[in-house]
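Going by the numbering used here, the first residue of the sequence shown is number 2, and it counts up by one from there.
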Amino acid sequence: ILGHYYSGVTREIDKALETYDLWKQTYPRDPVPHINSGTLDAQRGETERAIQAYSQAIEIDPARRIAYSNLFAKYIELDRLDAARALLERQIKVLGETPDAQFKLYEIASRQGDRATADRYAAIIEKGPLTANLLALRSAETAAAGRMRESRQLTERYAAMLRQLGLTERALTATSQVVVASAFVGQNSAARELGERLAATPAADRGIDTNINLAFAYAKMGDTARARRYLADANLASVPDAQLRELLTQ
Numbered sequence: 002i003l004g005h006y007y008s009g010v011t012r013e014i015d016k017a018l019e020t021y022d023l024w025k026q027t028y029p030r031d032p033v034p035h036i037n038s039g040t041l042d043a044q045r046g047e048t049e050r051a052i053q054a055y056s057q058a059i060e061i062d063p064a065r066r067i068a069y070s071n072l073f074a075k076y077i078e079l080d081r082l083d084a085a086r087a088l089l090e091r092q093i094k095v096l097g098e099t100p101d102a103q104f105k106l107y108e109i110a111s112r113q114g115d116r117a118t119a120d121r122y123a124a125i126i127e128k129g130p131l132t133a134n135l136l137a138l139r140s141a142e143t144a145a146a147g148r149m150r151e152s153r154q155l156t157e158r159y160a161a162m163l164r165q166l167g168l169t170e171r172a173l174t175a176t177s178q179v180v181v182a183s184a185f186v187g188q189n190s191a192a193r194e195l196g197e198r199l200a201a202t203p204a205a206d207r208g209i210d211t212n213i214n215l216a217f218a219y220a221k222m223g224d225t226a227r228a229r230r231y232l233a234d235a236n237l238a239s240v241p242d243a244q245l246r247e248l249l250t251q
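Printed below as a string of structure tokens:
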């Protein structure tokens with residue numbers, strides 16, 4: 002509790018880490034302080050220390066799912082795909098091939114350009130509980146590859162699933178991300194078409210993330226007046242991103 006107080010309330014990260022170090026010494030077979038300190042290390046950008054902490058947590062408790070998940074995220078962040086795959090193989094030996102593990106195997110195969118393996122796992126995932134996660138990831142992948150029509154179709158499916166779950170604001174945000182991607186690859190007509198659809202939703206219902214994304218998109222398309230309007234709708238004290246500030250001054 003004290004560690005969470007220092008890290009989450011007073012933001013005294015050093016004191017929080019000292020608390021977790023004492024916890025490790027007092028209870029050397031408890032993986033929790035290693036996971037917690039790893040999370041703080043990750044937040045401070047000390048990725049290697051975070052990797053060591055999560056790895057130690059797994060050594061102590063090989064069935065601790067969150068330690069695998071956090072360590073996998075760090076390996077992906079550093080593009081250490083072989084290490085990520087080895088970690089997943091270890092996780093599967095202990096916990097079985099869960100839907101979460103299948104999703105991560107898809108992600109690795111996709112990043113490595115192994116479409117046959119990626120498609121095989123995608124077919125499995127689409128029949129399980131992580132269909133929405135897969136649609137979101139595939140939408141991002143296709144947008145990064147410049148296949149915007151496919152990305153929009155995937156996003157429409159993803160947004161429809163979110164709306165069915167009552168997550169309307171997240172559905173709008175997902176669509177607004179495609180507006181940004183379209184604008185940044187020069188597909189302005191498609192970006193404006195989707196942007197107009199989102200504009201039909203009242204500003205307060207769109208949410209901060211959607212309004213900021215729309216501001217980005219219209220600033221990129223050179224419509225700074227409209228970009229500033231969406232930024233005003235976000236109701237922020239200042240422009241939150243340096244790139245957006247630069248676009249607004251061009």
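C-beta atoms are modelled at their ideal positions from N, C-alpha and C, and glycine is treated no differently.
Keep in mind it's a predicted model, so treat the numbers as computed, not measured.
Tell me the rounded alpha-carbon separation between residue i and residue j.
{"i": "Tyr159", "j": "Arg91", "result": "31 angstroms"}
{"i": "Asn37", "j": "Tyr76", "result": "18 angstroms"}
{"i": "Tyr231", "j": "Ala218", "result": "10 angstroms"}
{"i": "Pro29", "j": "Gly39", "result": "16 angstroms"}
{"i": "Leu195", "j": "Ser140", "result": "15 angstroms"}
{"i": "Ala133", "j": "Met162", "result": "7 angstroms"}
{"i": "Glu151", "j": "Leu88", "result": "32 angstroms"}
{"i": "Gly46", "j": "Ile52", "result": "11 angstroms"}
{"i": "Ser70", "j": "Phe104", "result": "12 angstroms"}
{"i": "Leu18", "j": "Tyr122", "result": "39 angstroms"}
{"i": "Leu131", "j": "Ile93", "result": "17 angstroms"}
{"i": "Asp210", "j": "Arg227", "result": "16 angstroms"}
{"i": "Gly223", "j": "Arg246", "result": "13 angstroms"}
{"i": "Asp83", "j": "Thr225", "result": "44 angstroms"}
{"i": "Asp115", "j": "Gln154", "result": "22 angstroms"}
{"i": "Gln165", "j": "Leu41", "result": "35 angstroms"}
{"i": "Arg171", "j": "Ala204", "result": "14 angstroms"}
{"i": "Arg81", "j": "Glu98", "result": "21 angstroms"}
{"i": "Ile125", "j": "Asn214", "result": "32 angstroms"}
{"i": "Ala74", "j": "Leu106", "result": "13 angstroms"}
{"i": "Asp244", "j": "Val180", "result": "Going by the sequence as given, residue 244 is Gln instead of Asp. Roughly 17 angstroms between the two C-alpha positions."}
I think residue i touches residue j, with their Cβ atoms under 8 angstroms apart; what is that distance to the nearest whole Å?
{"i": "Arg207", "j": "Leu199", "result": "7 angstroms"}
{"i": "Ile59", "j": "Arg65", "result": "7 angstroms"}
{"i": "Leu79", "j": "Thr48", "result": "7 angstroms"}
{"i": "Asn212", "j": "Asp234", "result": "4 angstroms"}
{"i": "Leu136", "j": "Glu108", "result": "Between Glu108 and Leu136 the Cβ distance is about 13 angstroms, and since that is not below 8 angstroms, they are no contact."}
Under the rule that 16 or more other beta-carbon atoms within 10 Å means buried, what is residue i, buried or exposed?
{"i": "Asp101", "result": "buried"}
{"i": "Asp120", "result": "exposed"}
{"i": "Thr27", "result": "exposed"}
{"i": "Val95", "result": "exposed"}
{"i": "Leu23", "result": "exposed"}
{"i": "Glu197", "result": "exposed"}
{"i": "Gln178", "result": "buried"}
{"i": "Ala145", "result": "exposed"}
{"i": "Ala54", "result": "buried"}
{"i": "Ala117", "result": "exposed"}
{"i": "Asn236", "result": "exposed"}
{"i": "Ala85", "result": "buried"}
Starting from the C-beta of residue i, find all residues in its chain whose C-beta is less than 7 angstroms away, skip the five residues before and the five after it, and write them out in chain order.
{"i": "Thr202", "result": "Leu173"}
{"i": "Gly129", "result": "Pro100"}
{"i": "Lys221", "result": "Ala184, Phe185 and Leu248"}
{"i": "Met149", "result": "Ala182, Ser183, Val186, Gln188 and Ala191"}
{"i": "Thr176", "result": "Thr156, Ala160, Leu195 and Leu199"}
{"i": "Ser111", "result": "Ala119 and Glu142"}
{"i": "Pro32", "result": "Ala58, Ile61, Asp62, Arg65 and Ala68"}
{"i": "Gln113", "result": "Leu82"}
{"i": "Ser56", "result": "Leu72"}
For residue i, collect the residues of the same chain with a Cβ closer than 8 angstroms to its Cβ; drop the 5 residues on either side in sequence, then sort them by chain order.
{"i": "Arg229", "result": "Ala216 and Leu249"}
{"i": "Thr169", "result": "Leu163 and Asp206"}
{"i": "Gly147", "result": "Val186"}
{"i": "Glu127", "result": "Leu135"}
Residues in its own chain within less than 6 angstroms of residue i by CB, not counting five upstream and five downstream?
{"i": "Gly167", "result": "none"}
{"i": "Ala43", "result": "Ala51"}
{"i": "Lys25", "result": "Pro34"}
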